[in-house]
Every structure is written in C-alpha cells, then in structure tokens.
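The structure appears below as structure tokens.
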Amino acid sequence: MRSLVRTNASLVWFLLCGLTAVSWALGTYDGFGASHHAQASLLILAVAIFKVRLVGLYFMELKAAPTVLRSLFEGYCLVLFGLLTAMFLFA
Amino acid sequence: MTENDVVNSCASSGASAANQRLMAYCGVTSLVVLLIGMWAIAGFVPPPGPNKSLEEIVAVYADHGARIRFGLIVACAGVTLLGPWTATIAIQMRRVEGEFAPLALTQAMLGAVLIVEFYVPSAMWMAAAFRPEVDPAFTYRLHDLASITFVALPWSAALQAILLAIAILQDKHDQPVFPRWLGYLSLWAAISFLPGAFNSLAKTGVIAWNGVLAWWLGLIAFGIWILAVSFCLLRDAIPHQEAGQAQVRP
Amino acid sequence: MLPAVMERHVPGEPGIWVLLFGDMLVFTVLFTVFLHERGAKPELFAHSQAALNRALGATNTLVLLTSSLLVVLASHAMRRPPLRHFARRLTLGGALVGACFVVIKGFEYHEKIAAGIAPSTNEFFMYYFVLTGLHLAHVIIGLAVLVVLSTVAGNSGPTRTHIAFFEGGACFWHMVDFLWIVIFSLIFLVR
Numbered sequence: 121m122r123s124l125v126r127t128n129a130s131l132v133w134f135l136l137c138g139l140t141a142v143s144w145a146l147g148t149y150d151g152f153g154a155s156h157h158a159q160a161s162l163l164i165l166a167v168a169i170f171k172v173r174l175v176g177l178y179f180m181e182l183k184a185a186p187t188v189l190r191s192l193f194e195g196y197c198l199v200l201f202g203l204l205t206a207m208f209l210f211a
Numbered sequence: 006m007t008e009n010d011v012v013n014s015c016a017s018s019g020a021s022a023a024n025q026r027l028m029a030y031c032g033v034t035s036l037v038v039l040l041i042g043m044w045a046i047a048g049f050v051p052p053p054g055p056n057k058s059l060e061e062i063v064a065v066y067a068d069h070g071a072r073i074r075f076g077l078i079v080a081c082a083g084v085t086l087l088g089p090w091t092a093t094i095a096i097q098m099r100r101v102e103g104e105f106a107p108l109a110l111t112q113a114m115l116g117a118v119l120i121v122e123f124y125v126p127s128a129m130w131m132a133a134a135f136r137p138e139v140d141p142a143f144t145y146r147l148h149d150l151a152s153i154t155f156v157a158l159p160w161s162a163a164l165q166a167i168l169l170a171i172a173i174l175q176d177k178h179d180q181p182v183f184p185r186w187l188g189y190l191s192l193w194a195a196i197s198f199l200p201g202a203f204n205s206l207a208k209t210g211v212i213a214w215n216g217v218l219a220w221w222l223g224l225i226a227f228g229i230w231i232l233a234v235s236f237c238l239l240r241d242a243i244p245h246q247e248a249g250q251a252q253v254r255p
Numbered sequence: 321m322l323p324a325v326m327e328r329h330v331p332g333e334p335g336i337w338v339l340l341f342g343d344m345l346v347f348t349v350l351f352t353v354f355l356h357e358r359g360a361k362p363e364l365f366a367h368s369q370a371a372l373n374r375a376l377g378a379t380n381t382l383v384l385l386t387s388s389l390l391v392v393l394a395s396h397a398m399r400r401p402p403l404r405h406f407a408r409r410l411t412l413g414g415a416l417v418g419a420c421f422v423v424i425k426g427f428e429y430h431e432k433i434a435a436g437i438a439p440s441t442n443e444f445f446m447y448y449f450v451l452t453g454l455h456l457a458h459v460i461i462g463l464a465v466l467v468v469l470s471t472v473a474g475n476s477g478p479t480r481t482h483i484a485f486f487e488g489g490a491c492f493w494h495m496v497d498f499l500w501i502v503i504f505s506l507i508f509l510v511r
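Encoded structure:
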C-alpha cells in the first residue's frame with residue numbers, strides 16, 4: 121500500500137493543495153488596493169493554469185503520452201493563459 | 006439457400022446499400038436546406054432575442070413577414086430529410102447489436118421526434134408572421150412560445166446521440182462498424198445540446214434562446230455531429246456492410 | 321501481461337480526447353465570454369463576487385483534488401497485479417469524496433437562494449450559476465462514470481480494453497477537477 125501512495129502523483133497533490141491555499145489567500149485579501157489587486161489576480165490566473173498543467177501531466181499521465189497529445193494539452197494551457205490574462209487586462 | 010435466394014438477396018442488398026448511401030447524404034442536405042431557409046431567407050439564426058420589446062418584435066414580423074414565412078417553409082421541407090438519415094443510422098447500429106437491437110430502435114424513434122421538434126415551433130413562427138399587427142401582445146407571446154420551444158427540447162436529440170455512442174463503444178467486432186472516436190464525439194455533442202433546455206430561465210446572456218450556449222453551441226454541435234456521423238456512414242459503415250455481403254456471393 | 325512501466329502511452333484511448341478537448345473548448349469559450357462581460361462592468365462583478373462563499377469554493381477545490389488523487393492511485397493499482405485488489409476500493413473512495421462536492425455545492429446554492437440571489441439577479445450571478453451549474457452537471461456525470469469504473473476495477477483479470485476504458489474515464493474526472501480550478505479562480509477570486 122505504501123508503495124502505491126509514494127508516487128509523484130501524491131507529491132503533486134500536496135503541491136496542488138498548497139497552491140490552492142495560496143490562491144485563496146490572495147483572492148480573499150482585500151487590502152491590496154485597486155492596482156495591486158489586478159496584479160494579484162494575474163498571479164491567481166497564472167497559478168491556476170500551472171495547476172491545470174500539473175493535473176494534466178501527473179494525474180492524466182500526459183507526461184508519458186505521445187508527443188502530439190502532450191503538445192496539444194500544453195498548447196491548450198498556453199492558449200488558455202494568454203486568453204484569460206488578455207481578456208482580464210484588456211476586455 | 007438456393008442460388009436464386011442468394012442472387013435475390015444480393016440484388017436487394019445492393020439496392021439497400023445504394024439507398025442507405027442516399028439516405029446518409031440526407032443528413033447534410035437537411036442541415037444545408039434548414040440553414041438556407043432559416044438563416045439566408047428568414048434571418049432567424051438566431052431568432053430575435055427574449056430581451057427585445059413588444060414593439061421591436063412586432064416590427065420584425067411586420068417588416069419581414071414574407072421572408073420569415075417563406076424561409077421557414079423551406080426549413081421545414083429540409084428538416085424532413087433527418088428521417089431517412091436517422092433510419093440509416095439505425096440500420097447500421099443494428100449491425101453492431103445483432104438481431105435484437107434495442108438501441109437502434111430507440112434511436113430511430115427519437116430521430117422521428119426530432120423532426121417534429123423542428124416542425125412545431127416553425128409553424129408557430131409562421132403564424133406569428135401571418136397577421137402580426139392585429140394583436141401585438143399576442144404576437145409577442147407567440148414569438149416567445151415558438152423560440153423557447155425551438156431550443157428547449159434537446160433531450161431527445163441528446164439521448165439519440167448517447168444511444169449511438171453506447172452502440173459504438175460496445176461494438177466487439179474485429180472490424181467495428183463505426184470508428185470509436187465517433188462514439189466520444191457523440192457524447193460531446195449530447196452534452197453540448199443540453200444547455201438549451203434551460204433557456205426559459207433567462208432573457209439575456211449565454212442560456213437565453215439566442216445565447217452563446219443555448220443557441221450557438223447547440224447549433225454548432227448539431228452541425229458537427231451530423232457531418233461526422235454522415236462521414237462515418239459513407240466511409241466506414243456502409244462499405245463495411247457491402248464488403249461483408251460480398252463474401253456471401255459465390 | 322501488461323508492462324509495469326508505460327512508455328509513450330495514450331491515456332485511455334485516442335477517441336476520448338475528442339470528448340475531452342471538445343469540452344475544454346466549450347468551457348474556454350465560456351470563460352472568455354465571462355471575462356468579456358466583466359470588462360464592461362468590472363465594479364458590478366467585483367461587488368457581486370463579494371457575496372460568494374470563497375471558503376466553500378476552496379474546500380471544493382481540495383475535495384476534487386483529493387478525489388482525483390484517489391482515482392490516480394486506483395489507476396496505478398490497476399496496472400500492477402499485486403496491488404490490483406486496491407483499485408476498486410480506491411475508485412469508490414474517489415467517488416465518495418467527489419460526492420462531497422455535490423453536497424457542498426448544494427449548500428452553497430441554498431445559501432445564495434436564501435439570501436435572495438438567483439441567476440436573474442444580475443449578470444455576474446447569471447454567469448456564476450451557469451458556469452458552476454454546467455460544471456456541476458459534469459461532476460454528476462463524472463461520478464456516474466466513476467461508479468462504472470469501480471465495477472471495471474473489480475474485474476480479476478482486466479484486459480487491455482478494460483484498462484484503456486478505466487484510464488479514459490479517469491481522465492474525464494481529472495478534467496472535471498481542473499475545470500473547477502479555473503472556475504474557482506476566475507469567478508471567486510479574480511477581480
């Protein structure tokens with residue numbers, strides 16, 4: 121059982137939980153002031169996409185997938201990040 | 006089986022495959038004619054939205070009533086061709102399931118329901134365009150009725166797509182009748198049809214009857230699904246049937 | 321005999337990625353539309369966002385992450401014969417934890433409606449209900465998929481097709497997980 125749990129996926133899970141706490145703290149804190157909260161929001165978005173990538177690579181096991189499929193997913197993460205940050209800043 | 010039986014069954018199966026090919030093309034044809042009628046002629050893709058006022062809606066019908074009625078007539082004629090298309094799907098699904106084919110039968114029934122789901126709101130829009138200024142309030146509500154109905158009943162089409170997906174994914178033949186990706190695409194289409202069901206909950210935004218989710222995603226997914234299924238019928242399923250029957254010939 | 325180490329291996333089967341990328345595309349369009357609408361009324365969106373329960377949202381994120389981990393471990397167990405008997409229980413465990421999401425979401429919606437907030441209240445809340453509602457539908461479908469996967473995992477001698485089906489269903493669940501990560505950040509936190 122121990123050999124089952126001690127995998128990269130479990131480590132990634134810890135990281136993801138930690139990042140969730142960081143995002144939550146950033147998003148909940150109201151004391152930044154308008155311009156700084158925009159920066160906090162951008163950071164939250166970046167962290168979110170980073171988490172999406174971790175889930176894809178380690179939970180969906182795309183790390184071991186054929187290059188085409190993995191590239192499609194990584195490409196999606198890139199596009200999503202670009203789209204969300206651009207729309208957030210300029211919409 | 007006598008030689009006569011084999012010859013007769015080959016002749017009829019040849020005709021069956023040819024008919025099925027034509028019927029497979031009916032899917033794309035129905036979509037094209039529907040769009041010519043509803044979009045190019047009637048200008049109802051999407052129909053005027055739920056956030057428009059009574060005066061605006063009555064004005065649309067008063068100013069454009071003729072093209073609206075004519076376009077919907079064309080659309081109704083076109084959408085009828087979903088019938089033969091559905092039947093061909095059912096015949097090929099039956100080849101997957103074998104003699105007792107509950108999924109194929111249900112799919113065929115739901116395909117028939119789909120045609121009615123186009124006919125009824127089309128007729129209601131035609132009626133709204135008939136004498137719009139006699140009773141403006143009624144015209145306004147009739148437009149609501151038709152538009153909500155057109156988008157609010159995707160459940161039968163969704164189930165139709167799901168049944169096809171199940172048949173495809175359960176196929177255990179060495180050479181499957183349909184490619185497996187079509188099963189997954191059908192599942193995506195089914196999910197994408199469903200937001201329209203909720204259009205009566207909003208007058209603006211993505212789930213209003215003219216919204217991004219309810220209207221556009223539904224229409225796009227429907228188009229993609231018809232194209233993909235027709236493609237697989239013509240490239241895979243029907244030739245696969247012919248090849249199987251060619252082995253029977255002496 | 322299945323290899324212990326998977327090399328250049330498509331998770332699930334190629335076809336399921338049609339469904340996954342298709343769904344991801346739809347949600348991406350929705351996220352874009354949401355941000356477009358926000359751009360027109362940033363103060364309304366920021367002000368309305370304050371009424372959301374961020375603690376519940378964060379909890380739900382942890383719930384789905386944990387559920388996903390259990391499903392990943394089940395996947396690993398499926399592929400290693402000596403550990404195979406853990407797979408079914410891990411999958412059901414994942415489903416059980418995932419079901420907590422539905423309960424918490426129900427409580428969250430109830431809280432809103434009791435406070436007089438509905439999809440028709442304003443644009444922000446319409447997007448809140450639609451995006452979280454569409455995601456919730458995916459969670460429920462995913463839970464049904466996990467239950468089916470647990471029966472597949474119960475097979476004493478899973479074939480390659482069984483394993484591919486299990487991985488594919490698991491990937492759907494992980495997609496549901498990461499879509500929530502984006503939704504939580506976008507709707508609950510970003511302003």
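These protein sequence lines map, in sequence, to chains A, B and C. With the first sequence counted from 1, adding 120 to any position gets you our numbering. With the second sequence counted from 1, adding 5 to any position gets you our numbering. With the third sequence counted from 1, adding 320 to any position gets you our numbering. Where a beta carbon is used, it is the ideal one built from N, C-alpha and C, also for glycine.
| query | Hey, would you say Q112 (chain B) sits closer than 8 angstroms to L199 (chain B), going by beta carbons? | reply | At the C-beta level, Q112 (chain B) and L199 (chain B) stay beyond 8 angstroms of one another.
| request: Within the same chain, show all residues whose beta-carbon is closer than 8 angstroms to that of T379 (chain C), passing over the 5 residues directly before and after it, in chain order. | output: I424
| How should L136 (chain A) be labelled, buried or exposed, when 16 other C-beta atoms within 10 angstroms of its C-beta is the threshold for buried? | buried
| Leaving out the 5 sequence neighbours to the left and right, which residues in its chain are closer than 7 angstroms to P159 (chain B) when beta-carbon positions are compared? | F198, L199, G201, A202 and G223
| message | Less than 8 angstroms between CB atoms is the rule here; does H356 (chain C) satisfy it with respect to chain A? | response | Chain A places a beta carbon closer than 8 angstroms to that of H356 (chain C), counting this residue as a contact.
| field | Within chain B, partners of P334 (chain C) - CB distance below 7 angstroms | value | In chain order: W186.
| task | Taking 8 angstroms as the cut-off, decide whether the C-beta atoms of F508 (chain C) and L372 (chain C) are in contact. | result | With contacts defined as CB atoms closer than 8 angstroms, F508 (chain C) and L372 (chain C) qualify as a contacting pair.
| task | Using the Cα positions of G488 (chain C) and A166 (chain B), report the straight-line distance between them to the nearest angstrom. | result | Approximately 19 angstroms between the Cα atoms of the pair.
| task | With 8 angstroms as the limit, tell me which residues of the stretch 137–168 of chain A have their beta carbon closer than that to any beta carbon of chain C; keep them in chain order. | result | C137, T140, A141, S143, W144, L146, G147, T148, H157, S161, I164, L165, V167 and A168
| task | Please classify M495 (chain C): is it buried, with 16 or more other beta-carbons within 10 angstroms of its beta-carbon, or exposed? | result | buried
| task | Find the nearest neighbour of C197 (chain A) within the set A:I169, A:L209, A:S143 and A:L189, judged by alpha-carbon distance. | result | A:I169
| said: Assess contact between the stretch 440–456 of chain C and the stretch 480–487 of chain C, defined as three or more Cβ pairs (one per stretch) separated by less than 8 angstroms. Is contact present? | reply: no
| query | Is there contact between the stretch 122–141 of chain A and the stretch 348–362 of chain C, where contact requires at least three CB pairs shorter than 8 angstroms? | reply | no
| request: Measure the alpha-carbon distance for M43 (chain B) versus L87 (chain B) and round it to whole angstroms. | output: 16 angstroms
| task | Quick one: list the residues of chain A neighbouring A264 (chain C), beta-carbon separation under 7 angstroms, in chain order. | result | Nothing can be reported for residue 264 (chain C): it is not among the residues displayed for chain C, which extend from 321 to 511.
| message | One question on the structure: do A109 (chain B) and E102 (chain B) come within less than 8 angstroms of each other, judged by their Cβ atoms? | response | Pairing A109 (chain B) with E102 (chain B) gives a Cβ-Cβ distance under 8 angstroms.
| request: For the stretch 134–175 of chain B, list the alpha helix (DSSP H) runs that are entirely contained and at least 4 residues long, ordered along the chain. | output: Here the runs fully enclosed are 141–157 and 160–175.
| In the structure shown, what three-state DSSP assignment does A324 (chain C) receive? | The pLDDT assigned to A324 (chain C) is 48, lower than 50, so where the model puts this residue is not dependable; a value taken from the coordinates is nonetheless given after this. Note: A324 (chain C) maps to coil in three-state DSSP.
| query | DSSP on Y149 (chain A), reduced to helix/strand/coil? | reply | Coil at Y149 (chain A), not helix or strand.
| message | Only counting the same chain, and skipping five residues up and downstream in sequence, which positions put a Cβ closer than 8 angstroms to that of I231 (chain B)? | response | G32, V33, S35, L36 and W90
| message | Rounding to the nearest angstrom, what Cα-Cα distance links L499 (chain C) and H157 (chain A) in this structure? | response | 23 angstroms
| field | P141 (chain B) and V65 (chain B) closer than 8 angstroms at C-beta | value | Inclusion of P141 (chain B) and V65 (chain B) in the CB contact set at 8 angstroms is not warranted, their separation being larger than that value.
| query | Is the CB of W193 (chain B) under 8 angstroms away from at least one CB in chain C? | reply | yes
| field | Three-pair Cβ contact test at 8 angstroms for the stretch 226–246 of chain B versus the stretch 64–81 of chain B | value | no
| said: Please tell me whether, using a cut-off of 7 angstroms, the distance from the CB of S205 (chain B) to the nearest non-hydrogen atom of the ligand ADP is below it. | reply: Annotation note on the ligand ADP: not contained in the displayed structure, which lists no ligands.
| field | Residue-level contact to chain C via CB, E194 (chain A), 8 angstroms cutoff | value | no
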